[in-house]
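In the working numbering, the protein residues as written are -12 to 500.
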């Protein structure tokens, strides 16, 4: 029980610290000390301006921002009551505009309509620049860099508050925190959006950090908030690290909790719940990777009609060639792609077999898969072999397909059953890809394809070969002791350099062997 008490004490002290810059300025930009915007690495900047990392660095940073024309605000930590007309009175939480900070102890500022001196130790600085300073940041950049970190911050504060209520300060080993995780387990799903957005945030930050004004800006924000000496990308990684640590910490707590303890069952349930949260995040990350590849595949299909495949689908389940038989007995060999919710089929070009033309699609939500015996089919009045039917339960429309081999037919029927199961699992898991993410994937795919079509015979454009799209045949929904990190689709394209972010993410997650 002593070990459990020490773990509970650890939990009571554990909290998430989020970074969210809120402020405004009408200044144009920050510049390097020499007035230029010459590019340096962030490490070189710190070496070139060591005063920022020394005591008093916050004051120097504020003065530099003010001298550059930036509007700097400070938040009052405590009430300041004074009878002196030359001192500024305020209450905790008041916002004060800092006009001059040359003295380390007393700053000159404005509160409402009055300007006067106030003690520097009574406030903490923050800059209203990220949102208000449109000259430096667009709304799209802020959304990319910070994602939904403010939502995570609000959720985490509520979670921490409830967690502390469950902590027994007098007798830590009697603390019962399992129910707190179970109560908030659905709320942890917001981490998924943040983790999926984080690679884009790193790319955007990398671009900005090439300019000296942004390096100065983010460093000044850190100093004004009196935060530890970690670059902004380190702070933005914190939510990813935290969500990965929860299952580890709960597993450790469960190990030192006896089965007779009143919190044992809740801790065990909380451990499973947080494993599933991490699983959902991993699955969404995998699904986001897949929609990029699906989008690139679609734009390579000639004569595409109707809604984008991503409008309803986010995963390729199976693909291959089948013979489709019409009611008139006409046979058509087509290449089929089974996604969640729909079956898309295309026709190969007669001369260039690597080019696909869109033909049609079948809505799978109302369909039933029926095995068909070899021989003469009574519905279509034709002889079939290795055949199966897809029947619409509402309209009773029938689609007849024949595979080349018996094993191919078996794979297709299993894939159709698998498609229904995955759709149901996605519904139960709350697996959704936002419309904005789908739209962005299609825009990126079209932009990538633009300009790649080469001139053909008599100047007619020749479409590029379609992207090879191969499905994954296994995925994990309920979390075992480990989750294999696997490729979703194998595309015929050069391998890209692995993302440093996901290398760190996979290293931290407890589900990788």
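Where is the CB? At the ideal position from N, CA and C, for every residue including glycine.
Asked: Neighbourhood of residue 364 by C-beta distance below 8 Å, restricted to the same chain and skipping five residues each side; Found: 370, 371, 374 and 387
Asked: Inter-stretch contact at 8 Å, needing at least 3 Cβ pairs: the stretch 77 to 84 / the stretch 47 to 56; Found: no
Asked: Exposed unless 16 or more other CB atoms sit within 10 angstroms - verdict on residue 65; Found: exposed
Asked: Residue 322 Cβ short of 6 Å to the ligand GDP heavy atom set; Found: What this structure holds is no ligand at all, so the ligand GDP is not there to describe.
Asked: Burial state of residue 501, where buried means 16 or more other Cβ atoms lie within 10 Å; Found: Since the first residue shown for the chain is -12 and the last is 500, residue 501 is missing from the structure and cannot be characterised.
Asked: Through-space distance from residue 202 to residue 395, alpha-carbon basis; Found: 58 Å
Asked: Whole runs of the beta strand (DSSP E) within the stretch 284 to 325, excluding any shorter than 3 residues; Found: 303 to 312
Asked: Residues of its chain near residue 293, where Cβ-Cβ distance is below 8 Å and the 5 sequence neighbours each way are ignored; Found: 348
Asked: Whole runs of the alpha helix (DSSP H) within the stretch 348 to 388, excluding any shorter than 4 residues; Found: none
Asked: Backbone CA spacing between residue 429 and residue 159 [nearest angstrom]; Found: 53 Å
Asked: Best match in 285, 109, 56 and 333 for proximity to residue 68 [C-alpha to C-alpha]; Found: 109
Asked: When 287, 269 and 70 are compared against residue 435, the one with the closest alpha-carbon; Found: 287
Asked: 7 Å Cβ cutoff met for residue 200 and residue 234; Found: no
Asked: Bridge-paired residues (DSSP) for residue 332; Found: 323 and 347
Asked: Proximity below 7 Å, CB of residue 432 to CB of residue 283; Found: yes
Asked: For residue 424 and residue 298, the rounded distance between their alpha carbons; Found: 11 Å
Asked: Per DSSP, cross-strand counterpart(s) of residue 221; Found: None; residue 221 has no bridge partner.
Asked: Endpoints, the beta strand (DSSP E) within which residue 83 is located; Found: 82 to 87
Asked: CB of residue 304 within 7 Å of CB of residue 183, strictly; Found: no
Asked: Closest residue to residue 327 among 267, 247 and 413 (Cα-Cα distance); Found: 413
Asked: Residue from 380, 322 and 101 whose Cα sits closest to the Cα of residue 71; Found: 101
Asked: Among 390, 137, 162 and 311, the one whose alpha carbon lies nearest that of residue 521; Found: Given that the chain is displayed from residue -12 to residue 500, the structure contains no residue 521 and the question cannot be resolved.
Asked: Residue interval of the alpha helix (DSSP H) (run including residue 96); Found: Taken as a continuous stretch (DSSP letters only), residue 96 belongs to no alpha helix (DSSP H), being part of the beta strand (DSSP E) at 93 to 98.
Asked: CA nearest to the CA of residue 135, picked from 207, 416 and 180; Found: 180
Asked: Burial state of residue 73 (16 or more Cβ within 10 Å); Found: exposed
Asked: Residue from 351, 390 and 172 whose Cα sits closest to the Cα of residue 266; Found: 172
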